[in-house]
Amino acid sequence: MENMERLLSVWIEDQNRRDVPVSVVLVQEKARSLFEELKRAQGEGSEAETFGASRGWFARFKARHGLRSLGAGGEAARADAEAARRYPALLRRVIQEGGYTARQVLLHPGPFWSSASSVS
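The UniProt record's numbering puts the first residue of the sequence shown at 1, with every later residue one more than the last.
Right under this line is the structure:
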């Protein structure tokens, strides 16, 4: 089990390094696969061993190996960073083209406020 978890940890690090998103289900599948490969390699006597890669196992594995999250990586993370980088210029352009003042931009709470305030 220790060898499988060590190999799994290396695999996860490799996926992260290559910006490949990794989900809990994918990690569980890889863990089962590694477990079966190692069991076959050990040969006789290891056939009775079983491993289910349950959610409980996964939570303990994450804690043992210091994994914080498996969230979106790769392309999604790069897209967010790119959008954040472009946002100031886009906002400036929208403000200029719309003829908005700084007061309107900073104080206007949004469309719901506008429709609600017209009722009074």
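We put the beta carbon where it would ideally sit given N, CA and C, even for glycine. Bear in mind the structure is a predicted one, so any value in this text is a computation, not a measurement.
- [ ] Would you check if there are 3 or more beta carbon pairs closer than 8 Å linking the segment 38-58 to the segment 90-97?
- [x] no
TODO: Compare the beta carbon distance of L7 and L26 with 8 Å and say whether it is the shorter of the two.
DONE: Not in contact: L7 and L26 (Cβ atoms no closer than 8 Å).
Open item on the list: For a quick check, are the C-beta atoms of E49 and K62 less than 8 Å apart?
Closed with: no
TODO: Let me know the secondary structure DSSP gives D14 once reduced to three states.
DONE: helix
- [ ] Consult DSSP for S33 and reduce its assignment to one of helix, strand or coil.
- [x] S33: helix per DSSP, three-state reduction.
- [ ] Using three-state DSSP, classify T101 as helix, strand or coil.
- [x] coil
Task: Cβ distance (whole Å) where Q15 is taken to contact V22 below 8 Å - done: 5 Å
Task: Run of the alpha helix (DSSP H) containing G56, from where it starts to where it stops - done: R55 to H65
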